[in-house]
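Have a look at the structure below, then the notes.
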Amino acid sequence: MTYTPNSLRSGPDERGHFGIYGGRYVSETLMPLLLDLEKQFEKAWQDPAYQEELAYLNKEYIGRPSPLYFAERMTEHFGGAKIYLKREELNHTGAHKINHAIGQVLLAKRMGKTRVIAETGAGQHGVATATVAALFNMECTVFMGAVDIERQKPNVFRMKLLGAEVKPVTSGSATLKDAMNDALRDWVTNVHDTFYIIGTVAGPHPYPKMVRDFQSIIGQETRAQILEKEGRLPDKLIACVGGGSNAIGLFHPFLDEPDISIDAVEAAGHGVDTDQHAASILGGSPGVLHGNRTMLLQDEDGQIQEAHSISAGLDYPGIGPEHVWLNEKGRINYVNATDEEAMEAFQLCCKLEGIIPALESSHALAHLARIAPTLDKDKIIVLNLSGRGDKDIFTVADHLGVEI
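Going by UniProt numbering, 129 is the number at position 129 of the sequence shown; the sequence numbering is gapless.
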């Protein structure tokens with residue numbers, strides 16, 4: 001794609017870079033496959049038959065468009081801006097992850113692959129991948145850290161019910177970073193028949209662009225829905241960010257609207273001034289991991305440091321390269337929320353709206369609680385509710401000291 005300097009939406013450049021971030025830092029074995037994947041994706045994206053099949057599955061299988069819900073009680077509680085929730089947790093499988101899983105499995109089919117693999121943290125991407133593998137009758141292996149397997153038991157069971165093999169990863173911190181390492185090793189060994197369905201806007205080019213384009217349906221729908229409901233675009237967008245797929249999905253169609261303020265909320269764990277957080281932009285430095293140059297949590301020798309978040313889906317020591325570029329451009333405001341703040345927001349959303357949010361989304365809700373009361377009543381906020389919290393009830397119960 002040709003880079004257009006007047007737009008924030010036209011990246012990456014021909015080599016997969018957003019400024020100095022992104023790119024392809026992979027073994028020679030994978031380079032031909034990535035070049036072919038880029039070619040096949042661009043070809044499919046322009047193919048009306050592919051778009052027709054994708055649109056059909058988005059509507060009839062995922063259940064799109066997801067609702068844009070006016071959170072009346074939450075709005076009254078905070079007493080400021082009108083709050084809308086983009087209900088991605090109502091998608092089939094319970095999160096936004098199914099959006100890019102559907103798109104990627106259609107590519108795998110076009111490329112003649114018979115097996116898909118994935119890595120997962122909270123399990124939502126693993127469930128989405130297992131789901132589309134079942135739908136298209138493909139063998140499926142999901143790599144998952146042993147720590148995450150323990151704290152996301154319901155999703156592990158769901159993946160197995162769907163026919164996937166869940167491979168525990170015990171190396172390193174036994175979380176998402178290590179699961180992605182093992183998935184990349186598997187892919188190098190089995191490139192002839194395997195498609196790697198990456199679960200976020202990170203990894204080697206073309207994955208950050210490809211996943212973003214699949215997830216941008218969130219923002220595209222939001223534009224149309226808020227214009228129908230309010231007759232104008234929102235004043236502020238908010239989403240949580242780990243790797244950053246749900247956030248860039250909501251934000252991307254609005255990046256060239258300078259009057260719309262955009263906040264992305266990183267997981268601060270026990271605080272960004274401690275060594276137990278997952279805030280790669282606010283507490284990281286540039287480096288290379290999982291095939292792309294981005295901001296990482298690392299020590300002075302470049303060794304990757306363990307991330308920490310109460311939400312398994314945000315527990316990753318890096319972030320998508322486009323986010324880093326947008327941070328440096330000053331287009332997106334990156335803030336943070338701690339475990340405790342996310343837990344408070346989780347419980348408030350349950351009580352006010354009858355919605356059990358994912359702990360990932362609860363970080364965005366925690367920031368919403370700070371911002372909404374400060375804005376006038378005629379302002380509009382849209383928050384992306386990226387997933388449902390059924391999967392997190394054991395973590396929440398343990399945190400609250402409740403035995404279930």
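The C-beta atom is built at its ideal place from N, Cα and C for all residues, glycine as well.
Asked: Grab the span of the alpha helix (DSSP H) containing I238 for me, first residue to last.; Found: Careful: I238 lies outside any alpha helix (DSSP H), inside the beta strand (DSSP E) at 236-240.
Asked: Just reading off the alpha helix (DSSP H) that E88 is part of, what are its end residues?; Found: Per DSSP, E88 belongs to no alpha helix (DSSP H) and is neither H nor E.
Asked: Considering Cα atoms alone, identify which of L37, N384, E42 is closest to N246.; Found: N384
Asked: Which word fits K153, buried or exposed, when buried means at least 16 other C-beta atoms lie within 10 angstroms of its C-beta?; Found: exposed
Asked: How far does the alpha helix (DSSP H) with V211 in it extend, from its first residue to its last?; Found: 207-215
Asked: Given a cut-off of 8 angstroms, decide if V132 and A164 are closer than it, judged by their beta-carbon atoms.; Found: no
Asked: Taking a contact to mean a Cβ-Cβ separation below 8 angstroms, would you say A183 touches A118 in this structure?; Found: yes
Asked: Using the three-state DSSP reduction, which class does E119 fall into: helix, strand or coil?; Found: strand
Asked: Are the beta-carbon atoms belonging to L368 and I262 less than 8 angstroms from one another?; Found: no
Asked: How is L359 classed by DSSP in three states: helix, strand or coil?; Found: helix
Asked: The beta strand (DSSP E) that contains I380, what's its start and end?; Found: 380-385
Asked: In chain order, what residues of the same chain lie with their CB nearer than 7 angstroms to the CB of I198, ignoring the 5 residues before and after it?; Found: Y207, V211
Asked: Determine the burial state of L365: buried for a count of at least 16 other Cβ atoms within 10 Å of its Cβ, exposed for fewer.; Found: buried
Asked: What is the rounded straight-line gap between the Cα of P12 and the Cα of N190?; Found: 28 angstroms
Asked: Taking the Cβ atom as the reference point for each residue, do L30 and V188 lie within a distance shorter than 8 angstroms?; Found: yes
Asked: Among G269, L85, L106, H308, which has the Cα closest to the Cα of E353?; Found: L85
Asked: Which partner residues of P258 appear in the DSSP bridge assignment?; Found: In the DSSP output, where bridge partners are listed per residue, P258 has none listed.
Asked: Should V156 be labelled buried (16 or more other beta-carbon atoms within 10 Å of its own) or exposed?; Found: buried
Asked: When we look at the beta-carbon of M1 and count the other beta-carbons within 10 Å, is it buried (16 or more) or exposed?; Found: Here the model assigns M1 a pLDDT of 46, short of 50, so the residue's position is not dependable, and the following value carries that caveat. Classification for M1: exposed.
Asked: Check whether the region 338-352 and the region 265-283 touch, using three or more Cβ-Cβ pairs below 8 angstroms as the test.; Found: yes
Asked: My output table needs one value for E300: the three-state DSSP class, helix, strand or coil.; Found: coil
Asked: Output needed for A44: all residues of its chain with C-beta closer than 8 angstroms, excluding positions within five of it in sequence on either side, in chain order.; Found: Y50, L106, L107, R110
Asked: Taking the alpha-carbon positions, what's the T175 to K329 distance?; Found: 31 angstroms
Asked: So, with DSSP's three-state summary, where would you put T2?; Found: Because the pLDDT at T2 is just 46, under 50, the model does not fix this residue reliably, and the value given afterwards should be weighed accordingly. Residue state, collapsed to three classes: coil.
Asked: Which stretch, first to last residue, makes up the alpha helix (DSSP H) that contains Y334?; Found: Y334 -> not in any alpha helix (DSSP H); beta strand (DSSP E) instead, spanning 333-338.
Asked: Check K43 in the structure and name its three-state DSSP category.; Found: helix
Asked: What does the Cβ neighbour count give for E88, buried or exposed, with the cut at 16 atoms within 10 Å?; Found: buried
Asked: Would a C-beta distance cut-off of 8 angstroms place residue 469 and G219 closer than the cut-off?; Found: This structure does not reach residue 469, given that the chain is present from 1 up to 404, and the question cannot be answered.
Asked: Among all the DSSP beta bridges, which residues are the ones paired with K229?; Found: Answer by DSSP bridge pairing: none, since K229 is not bridged.
Asked: What alpha helix (DSSP H) runs, 4 residues minimum, are completely inside the region 166-199?; Found: 176-189
Asked: Any idea if N6 is buried or exposed, counting beta-carbon neighbours within 10 angstroms, 16 or more meaning buried?; Found: exposed
Asked: May I ask you to report which of helix, strand or coil DSSP gives R293?; Found: strand
Asked: By Cβ distance, which residues of its chain are closer than 7 angstroms to N327, with the 5 residues on each side in sequence left out?; Found: I281, Y334
Asked: Beta-carbon separation of D178 and V169 under 8 angstroms?; Found: yes
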